[in-house]
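Taking the UniProt record's numbering, the leading residue of the sequence shown gets 1, the next gets one more, and so forth.
Everything on this sheet refers to the single structure shown next.
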Amino acid sequence: MLTRDPTLPIRMFHLKCGTSPGCDPHDINRFVPVAVKKGIENLILDFTGTSHDFLIRLGPTFSSVFNCGRNLVVLKLKFAIVNVVAQFDFPLLKTLHLAYVYFFGDHTSDFNKLFVGCPILEDLQISNVQFLLSNRCDGGEFKGLSNLVRADISNRCWNMPFSWICNAKFLRVILSKEQQVHNFHNLTCMELIFGSSWCTKWKWVLELLEHCPKLQNLTLDEVLHFYRAEDDWKEPAIVPKCISSQLRTCSLKAHRGRTYELQFAEYIMKNATGMHTMTISGRRLEHQMLLKLSSCPRGSATCKLSFEFD
Numbered sequence: 001m002l003t004r005d006p007t008l009p010i011r012m013f014h015l016k017c018g019t020s021p022g023c024d025p026h027d028i029n030r031f032v033p034v035a036v037k038k039g040i041e042n043l044i045l046d047f048t049g050t051s052h053d054f055l056i057r058l059g060p061t062f063s064s065v066f067n068c069g070r071n072l073v074v075l076k077l078k079f080a081i082v083n084v085v086a087q088f089d090f091p092l093l094k095t096l097h098l099a100y101v102y103f104f105g106d107h108t109s110d111f112n113k114l115f116v117g118c119p120i121l122e123d124l125q126i127s128n129v130q131f132l133l134s135n136r137c138d139g140g141e142f143k144g145l146s147n148l149v150r151a152d153i154s155n156r157c158w159n160m161p162f163s164w165i166c167n168a169k170f171l172r173v174i175l176s177k178e179q180q181v182h183n184f185h186n187l188t189c190m191e192l193i194f195g196s197s198w199c200t201k202w203k204w205v206l207e208l209l210e211h212c213p214k215l216q217n218l219t220l221d222e223v224l225h226f227y228r229a230e231d232d233w234k235e236p237a238i239v240p241k242c243i244s245s246q247l248r249t250c251s252l253k254a255h256r257g258r259t260y261e262l263q264f265a266e267y268i269m270k271n272a273t274g275m276h277t278m279t280i281s282g283r284r285l286e287h288q289m290l291l292k293l294s295s296c297p298r299g300s301a302t303c304k305l306s307f308e309f310d
């Protein structure tokens, strides 16, 4: 790449570098910055499987990305240790996927500044990303990603404020604790994965659904490492609009046969007048429970109930 015609633009650069002995940080530090400075638009770097020392030696590469990436439209970075700058500046960035990326350096750099620097972002995917000196994401003056279409947030060490991602149409998020509810006026597809439990979880889920008027596809899942008792199910007086008129599919995963899980499923089927499919999956699907759900009244004559055994 270093010998190609310098007048030719570089639109896309994709590098996957694992445990291969031919992958040398010195070479990467030579050609990636060149690509970035030439105004590259699509940059994908995957260093899965490399050592901590290898990543540290890639300092010039990561610095070029976050210092000179003003033309980037797509940035996907997997496994990186980045010495960040005081200010992020990605005015054209529409897709940002970060997985196992660790930022350090300026203690004033945090998630707030990262997203402020991406004003037209549409596709956001965050998985195990940390600012080692500051994991602050309290919102501050940041009003959210106004152009966001899709958000996939699976950071278990912190919860991203819903106000930042409330414009999304598609949302997948792992929750480690209760979040402050926000209006999701555009949301049509939502997957909630509970990384922990809390006593008012089901009340919170219903409150969230009240703020998702266009929701059509709902998935609830669990990846619990410990279990905390939850309150008994209490059917709300008012059915959320999305359940009564919009919901088309509902999938309840990791079903453990608990009473309130059964009650929630019955509530959805009874009140969802436009439901097409209700899917329940888990390891503890007892015969008696299956019979009860199968005979449950359904608000939609076309609602199909299916069971999947893990």
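For every residue, glycine included, the Cβ atom is placed at its ideal position computed from N, Cα and C.
Since the structure is predicted, the reported quantities are computational estimates derived from the model, not experimental observations.
Looking at the unbroken alpha helix (DSSP H) that takes in H287, where does it start and where does it end?
-> 287-294
Roughly how many angstroms separate the alpha carbons of R57 and L187, rounded to a whole number?
-> 42 Å
Cβ-based neighbour list, V101, same chain, cut-off 6 Å, excluding 5 preceding and 5 following = L77, A80, V129
Could you tell me how far apart the beta carbons of L285 and F307 are, in whole angstroms, since I believe they sit closer than 8 Å?
-> 6 Å
Minimum length 3: unbroken beta strand (DSSP E) runs contained in the segment 141-198 | 150-153, 170-175, 189-194
Per DSSP, the bridge partner or partners of F13 | L43
Would you mind reading off the limits of the beta strand (DSSP E) that contains N217?
-> 217-222
Alpha helix (DSSP H) containing M269: first to last residue?
-> 259-271
Is the CB-CB distance between S251 and T279 below 8 Å?
-> yes
Nearest to I165 (by Cα), restricted to the options C118, F131, S196 | C118
Proximity of N167 and L148 at Cβ, strictly below 8 Å | yes
Just curious, the alpha helix (DSSP H) that N29 is in, first and last residue?
-> 25-37
Compare the C-alpha of K253 against each of Q216, A151, G282, R156 and name the closest.
-> G282
Whole angstroms is fine: what's the gap from E41's alpha carbon to V74's?
-> 6 Å
For the alpha helix (DSSP H) that contains I56, what are its first and last residues?
-> 52-56
Determine the direct distance from the alpha carbon of R30 to that of F184, and round the result to whole angstroms.
-> 44 Å
Grab me the residues of P9's own chain with a C-beta within less than 7 Å of its C-beta, minus the 5 sequence neighbours each way, in chain order.
-> K38, G39
Candidates F142, H52, F104, H97, of which the one nearest Q125 by Cα = H97
What does D123 pair with, by DSSP beta-bridge criteria?
-> T95, R150
For I243, which of T302, L209, L175, A99 has the nearest alpha-carbon?
-> L209
So which of K304, R156, C296 has the shortest CA-CA distance to L262?
-> C296
Nearest to S127 (by Cα), restricted to the options K201, W158, I268 | W158
Assign L132 to one of two classes, buried (16 or more other C-beta atoms within 10 Å of its C-beta) or exposed (fewer than that).
-> exposed
Using a threshold of 8 Å, state whether the C-beta atoms of N71 and L45 are closer than that.
-> no
Under a three-way DSSP split, which group does V73 fall into?
-> coil
For S197, which option in F47, P213, E178, Q246 has the closest C-alpha, if you only look at C-alpha atoms?
-> E178
Return yes when the C-beta of P297 is under 7 Å from any heavy atom of the ligand ADP, and no when it is not.
-> Ligands in the displayed structure: none, and consequently the ligand ADP is not present.
CB Q246 to CB L220, shorter than 8 Å?
-> no
State the start and end residues of the unbroken alpha helix (DSSP H) segment that holds T61.
-> 59-68
Secondary structure at L206, three-state DSSP: helix, strand or coil?
-> helix
Among C189, P240, L293, which has the Cα closest to the Cα of W204?
-> P240
Beta carbon of V36 nearer than 8 Å to that of C68 | yes
What is the DSSP secondary structure of I243, counted as helix, strand or coil?
-> helix
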